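Engineer: Residue numbers (this note's numbering): 4 to 882. Where a beta carbon is used, it is the ideal one built from N, C-alpha and C, also for glycine. Being a predicted model, the structure only gives us computed values, none of them experimental. Pasting a structure here, questions to come.
Here is the structure:
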């Protein structure tokens with residue numbers, strides 16, 4: 004009976020499965036049910052994340068005097084009271100650095116009181132939004148001139164957490180010069196992050212699909228590739244938080260790091276903003292349209308103090324250029340539309356609900372255009388995605404609260420060629436049409452429950468949270484591959500790659516998670532976070548238990564020295580594309596395959612078979628005459644080697660912060676991570692008819708990073724960050740993402756272990772903003788890093804020598820500057836407009852994106868395709 008339930012619904016198999024080791028899911032299922040019942044009883048339906056209030060308390064010796072001096076005040080007493088529920092109060096004292104934190108808070112309006120001996124107390128009312136982090140700076144004096152400053156958290160430094168993160172507010176994203184001008188660009192302001200020429204970000208030495216991306220806690224990645232698959236206008240973003248060392252047990256299914264976007268609420272007043280309504284052209288005085296990105300946002304209250312809304316729209320047209328090609332065939336274009344809607348409802352003093360809806364379709368023409376792949380070789384891509392989520396926060400009488408989220412996300416991708424000609428690969432440049440024609444549909448349900456317990460005393464203060472998550476993903480895809488011809492410089496055929504008939508795939512997969520986390524404040528100056536996480540999915544059919552530990556220590560009194568350390572075990576998400584290779588799996592059966600999409604109605608890609616795996620390769624090699632077969636044809640069967648395992652990494656880090664002056668803080672830190680059980684694809688030759696492309700869990704990689712950072716903040720000069728990162732990223736190079744992404748590799752060669760394609764040993768980053776007179780802001784940004792490594796190949800596209808050790812691209816150097824000025828709109832004071840200009844690569848430094856790797860070319864080792872200086876205007880209006 005249990006077996007039949009498992010066949011009818013994978014959820015039954017997940018919770019009550021007959022497979023060994025899965026019975027523990029029953030306990031988790033009961034726990035989730037209990038949390039859900041608690042939520043319903045409290046009037047809750049679904050979740051919002053916890054917020055926090057933290058900051059510092061200072062004492063001023065002689066306020067108002069030129070000799071006034073402020074010192075950080077340890078031992079100050081703080082009380083936080085929920086205004087709507089006066090019986091809910093929290094108490095704490097400042098540590099030796101004058102810092103404090105109230106963590107795991109529900110959204111509410113609070114009254115904060117600060118007291119210290121021989122100084123008058125100060126009280127301030129603070130409104131905390133769901134998931135927000137506010138920074139409070141309190142200054143106490145012997146007179147009546149106490150001050151309290153409240154702002155959103157921002158930056159790389161924190162004096163009250165065991166781990167560090169980079170918090171970037173939306174205002175910074177609009178102020179700092181960023182080419183993409185979207186919220187994803189916040190990652191580039193983080194040490195240890197590099198962006199490749201493909202536009203994908205690599206965080207802490209991990210591949211683009213190995214980091215986690217969420218919006219208000221909801222997963223927004225592509226289920227197949229793991230890449231970020233979501234976009235909204237900047238005006239809808241409140242802040243972006245990049246967790247560099249996320250040791251919290253609530254974080255999982257990643258190797259590199261975690262990025263979470265918190266969206267903006269509607270607010271108490273109606274507000275209208277418009278930006279980028281003027282297009283930019285290739286030349287300042289005219290020429291082809293280069294970009295057009297108008298954005299409109301409207302927000303405000305619908306019912307006073309009860310219901311708030313935000314609606315934001317963005318149309319985005321961009322033209323990406325490949326200067327090494329001949330105009331007008333030297334550019335690719337992308338066109339997208341982003342819509343984001345949010346409603347915030349205060350049901351009563353105990354319950355708050357947030358509902359969001361987002362739509363983000365995109366079209367890309369000539370994707371992957373570069374020096375060696377002209378327009379006719381590149382594919383077009385159509386992407387469509389929607390996200391719906393509803394979250395609720397239920398606060399209990401003892402100040403504990405329950406957060407719940409239910410979300411649904413779809414992401415569809417179509418990749419198709421410009422024509423039906425075989426793809427021909429030549430040393431000097433490819434011809435023909437792209438070889439892969441793919442249609443993919445995916446949908447993911449996600450349910451999260453997190454319970455935050457009121458802090459309690461036991462040999463110090465403890466803050467507990469526990470939760471769970473269930474995800475169910477459905478993927479349906481269809482593949483058709485055209486032949487690939489590899490020719491020598493003289494035009495003779497060296498190798499031919501054919502594919503078996505087109506195929507369809509239907510894949511269902513479920514994931515289950517549970518965690519518990521305790522923040523233990525042993526004493527002022529010593530805080531320990533300890534947690535345990537449980538993960539399981541139906542692709543690997545394996546469970547993982549991951550312990551985590553991190554701490555913060557203030558070794559000296561009345562000093563600004565902070566020591567942080569952490570160690571943890573992390574299980575990455577099993578790539579869903581791994582299911583393509585094992586048709587014997589229970590979740591890839593004939594019944595599921597019959598439900599795969601049939602694209603016959605489009606007039607394209609009518610399947611001729613009904614198998615649940617991708618097409619197989621047939622490889623034939625030819626002699627120098629281009630006609631005599633010297634090897635093959637070899638049929639490489641798609642095979643999986645044993646049971647696949649989940650990628651697993653062990654990381655540890657140590658970090659020291661030191662306040663050098665009142666405004667200048669320095670940091671030095673070291674991180675090491677080792678990853679095993681990564682999915683690899685390798686060709687294996689056997690006796691006649693037994694050649695195979697084998698998918699295994701033999702992959703491994705390592706990452707080491709030494710980071711130094713300086714942060715300077717001064718109201719007269721502005722905020723400045725400078726960092727230098729030394730790193731080493733090495734690993735197996737035949738990872739599954741190279742062959743099952745939207746743009747897979749043309750050929751499959753034997754695996755090697757070596758520098759990863761995005762390894763950049765040295766990176767220096769500096770950025771900041773000058774707040775000058777007349778409301779003029781000047782924001783320069785400088786990035787200098789090592790070039791990425793590349794390999795040598797021969798005319799057969801076989802690697803020559805060690806992979807990724809033939810040399811490196813030239814040093815990357817880019818100085819960007821943005822200048823803006825605010826004006827009061829006549830007759831509409833205090834409403835303003837802001838105009839300005841952004842200049843990228845001011846020095847016109849040669850930053851190539853392509854290299855001739857083929858030793859059969861007379862141009863071997865030459866670099867191409869550098870973007871020169873570009874100028875972009877800015878115009879924003881706010882009412």
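Go through the segment 311-345 residue by residue and report every complete run of the alpha helix (DSSP H) that reaches 4 residues or more, in order.
Structural biologist: If we require 4 residues or more, the segment 311-345 turns out to have no alpha helix (DSSP H) run fully inside it.
Engineer: Quick check on residue 428: does DSSP put it in helix, strand or coil?
Structural biologist: Sequence index remark: in the chain shown, residue 428 carries index 425 (1-based). DSSP places residue 428 in strand when its eight states are reduced to three.
Engineer: Could you pull out every residue in the same chain whose Cβ sits closer than 8 Å to the Cβ of residue 736, ignoring the five residues on either side in sequence?
Structural biologist: In the chain shown, the residue the question calls residue 736 occupies position 733. Cβ within range, chain order: 754, 755, 756, 757, 759, 760, 806 and 807.
Engineer: On the CB-based measure, 16 or more other CB atoms within 10 Å of its CB, does residue 459 come out buried or exposed?
Structural biologist: Taking the first residue of the chain shown as position 1, residue 459 is located at position 456. Exposed, since its Cβ has fewer than 16 Cβ neighbours within 10 Å.
Engineer: Could you give the first and the last residue of the continuous alpha helix (DSSP H) run that contains residue 177?
Structural biologist: Within the chain shown, the letter at position 174 stands for residue 177. First-last of the alpha helix (DSSP H) with residue 177: 173-178.
Engineer: Below 8 Å, how does it come out for the segment 183-202 and the segment 547-560: are there three or more Cβ pairs, yes or no?
Structural biologist: Flag = no, the segment 183-202 and the segment 547-560 do not touch.
Engineer: Do residue 127 and residue 115 have their C-beta atoms closer together than 8 Å?
Structural biologist: Counting from 1 along the chain shown, the entry for residue 127 is found at position 124. Counting from 1 along the chain shown, the entry for residue 115 is found at position 112. Yes, the pair counts as a contact, with Cβ atoms nearer than the cut-off.
Engineer: So does the segment 327-337 actually touch the segment 357-364, counting three or more Cβ pairs closer than 8 Å?
Structural biologist: Judged by Cβ distances under 8 Å, the segment 327-337 makes no contact with the segment 357-364, as fewer than three pairs qualify.
Engineer: Going by DSSP, which residues form a beta bridge with residue 752?
Structural biologist: Within the chain shown, numbered from 1, the residue matching residue 752 stands at position 749. Paired residues: none, contrary to the question.
Engineer: Considering only the beta carbon of each residue, do residue 110 and residue 87 sit closer than 8 Å?
Structural biologist: What you label residue 110 is simply residue 107 of the chain shown in a count that begins at 1. What you label residue 87 is simply residue 84 of the chain shown in a count that begins at 1. No, the pair does not count as a contact, with Cβ atoms beyond the cut-off.
Engineer: How would you call residue 569, buried or exposed, if buried means at least 16 neighbouring beta carbons within 10 angstroms?
Structural biologist: Position 566 of the chain shown, counting from 1, holds the residue named residue 569. So residue 569 counts as buried.
Engineer: Leaving out five residues on either side along the sequence, give the residues of the same chain with a beta carbon under 6 Å from the beta carbon of residue 424.
Structural biologist: The residue you call residue 424 lines up with position 421 of the chain shown. Within the same chain, residue 424 has close Cβ partners 435 and 436.
Engineer: Just tell me which of 741, 379, 392 and 321 has its CA closest to the CA of residue 346.
Structural biologist: Position 343 of the chain shown, counted from the start, is the residue given in the question as residue 346. When each option's Cα is compared against that of residue 346, the closest is 392.
Engineer: I need the DSSP call for residue 275, collapsed to helix, strand or coil.
Structural biologist: As a first step, residue 275 must be located in the chain shown, where it is residue number 272. Strand at residue 275.
Engineer: For residue 583, which of helix, strand or coil comes out of DSSP?
Structural biologist: The count along the chain shown starts at 1 and reaches residue 583 at position 580. Correct three-state label for residue 583: helix.
Engineer: Between which two residues does the alpha helix (DSSP H) harbouring residue 740 extend?
Structural biologist: Looking up residue 740 in the chain shown gives position 737. Where residue 740 is concerned, the enclosing alpha helix (DSSP H) stretches over 740-743.
Engineer: Any heavy atom of the ligand NAP within a distance shorter than 7 Å of the CB on residue 673?
Structural biologist: Only the bare structure without any ligand can be found here, which leaves the ligand NAP out of the picture.
Engineer: How many whole angstroms separate the CB atoms of residue 504 and residue 578, which I take to be in contact at a CB cut-off of 8 Å?
Structural biologist: In the chain shown, the residue the question calls residue 504 occupies position 501. In the chain shown, the residue the question calls residue 578 occupies position 575. Actually they do not touch by this definition, with Cβ atoms about 24 Å apart.
Engineer: If we ignore side chains and look at the alpha-carbon of each, how far apart do residue 454 and residue 405 end up?
Structural biologist: Residue mapping note: residue 454 aligns to position 451 of the chain shown, counting from 1. Residue mapping note: residue 405 aligns to position 402 of the chain shown, counting from 1. Going from the Cα of residue 454 to the Cα of residue 405 covers about 4 Å.
Engineer: Is residue 777 helix, strand or coil when you go by DSSP?
Structural biologist: Within the chain shown, residue 777 is the residue found at index 774, counting from 1. If DSSP states are grouped into helix, strand and coil, residue 777 belongs with the helices.
Engineer: My output table needs one value for residue 726: the three-state DSSP class, helix, strand or coil.
Structural biologist: Here residue 726 refers to the residue found at position 723 of the chain shown. Residue state, collapsed to three classes: strand.
Engineer: Give every residue of the same chain whose Cβ lies closer than 8 Å to the Cβ of residue 497, excluding the five residues on either side of it in the sequence, and list them in chain order.
Structural biologist: Against the chain shown, residue 497 aligns to sequence position 494. Only 489, 490, 491, 624, 625, 629, 798 and 799 meet the Cβ criterion.
Engineer: In the structure shown, what three-state DSSP assignment does residue 113 receive?
Structural biologist: The residue you call residue 113 lines up with position 110 of the chain shown. Strand.
Engineer: Taking the C-alpha atoms as reference points, what is the distance between residue 57 and residue 163?
Structural biologist: The residue you call residue 57 lines up with position 54 of the chain shown. The residue you call residue 163 lines up with position 160 of the chain shown. The alpha-carbon atoms of residue 57 and residue 163 are separated by roughly 7 Å.
Engineer: DSSP state of residue 142, grouped into three classes?
Structural biologist: Residue mapping note: residue 142 aligns to position 139 of the chain shown, counting from 1. Here residue 142 sits in strand by DSSP.
Engineer: For residue 169 and residue 265, which I take to be in contact (beta-carbon distance under 8 Å), what is that distance rounded to the nearest angstrom?
Structural biologist: Taking the first residue of the chain shown as 1, we reach residue 169 at position 166. Taking the first residue of the chain shown as 1, we reach residue 265 at position 262. Incorrect: roughly 14 Å between the Cβ atoms, too far for contact.
Engineer: Which residues in the same chain have their Cβ closer than 7 Å to the Cβ of residue 245, if we skip the five residues on either side of it in sequence?
Structural biologist: Translated into positions along the chain shown, residue 245 becomes position 242. Answer for residue 245: 168, 169, 189, 190, 193, 260 and 262, listed in chain order.
Engineer: Report the partner residues of residue 785 according to the DSSP bridge assignment.
Structural biologist: By 1-based counting over the chain shown, the position of residue 785 is 782. In the DSSP output, where bridge partners are listed per residue, residue 785 has 769 and 818.
Engineer: How would you call residue 693, buried or exposed, if buried means at least 16 neighbouring beta carbons within 10 angstroms?
Structural biologist: Taking the chain shown and counting its residues from 1, one reaches residue 693 at position 690. Exposed, since its Cβ has fewer than 16 Cβ neighbours within 10 Å.
Engineer: Does the Cβ-Cβ distance between residue 431 and residue 869 come in under 8 Å?
Structural biologist: As a position in the chain shown, residue 431 is number 428, starting the count at 1. As a position in the chain shown, residue 869 is number 866, starting the count at 1. Cβ distance not < 8 Å, so residue 431 and residue 869 don't count as in contact.
Engineer: Cutting at 6 Å between CB atoms, please list the residues of its own chain near residue 726, excluding the five before and the five after it.
Structural biologist: Taking the first residue of the chain shown as position 1, residue 726 is located at position 723. So the list reads 194, 712 and 768, once near-sequence residues are dropped.
Engineer: Quick one: what does DSSP say residue 238 is sitting in, helix, strand or coil?
Structural biologist: As a first step, residue 238 must be located in the chain shown, where it is residue number 235. It is helical.
Engineer: How close, in whole Å, do the beta carbons of residue 76 and residue 54 come, if the pair is a contact with beta carbons under 8 Å?
Structural biologist: To locate residue 76, count along the chain shown from 1; it is residue 73. To locate residue 54, count along the chain shown from 1; it is residue 51. That pair is no contact at about 24 Å.
Engineer: The beta strand (DSSP E) that contains residue 281, what's its start and end?
Structural biologist: The residue you call residue 281 lines up with position 278 of the chain shown. Taken as a continuous stretch (DSSP letters only), residue 281 belongs to no beta strand (DSSP E), as it is neither H nor E.
Engineer: Can you give me the C-alpha to C-alpha distance between residue 637 and residue 621, rounded to a whole angstrom?
Structural biologist: Position 634 of the chain shown, counting from 1, holds the residue named residue 637. Position 618 of the chain shown, counting from 1, holds the residue named residue 621. For residue 637 and residue 621, the distance between alpha carbons rounds to 5 Å.
Engineer: Which value, in whole angstroms, describes the spacing of the CA atoms of residue 552 and residue 215?
Structural biologist: Counting from 1 along the chain shown, the entry for residue 552 is found at position 549. Counting from 1 along the chain shown, the entry for residue 215 is found at position 212. One C-alpha to the other measures close to 20 Å.
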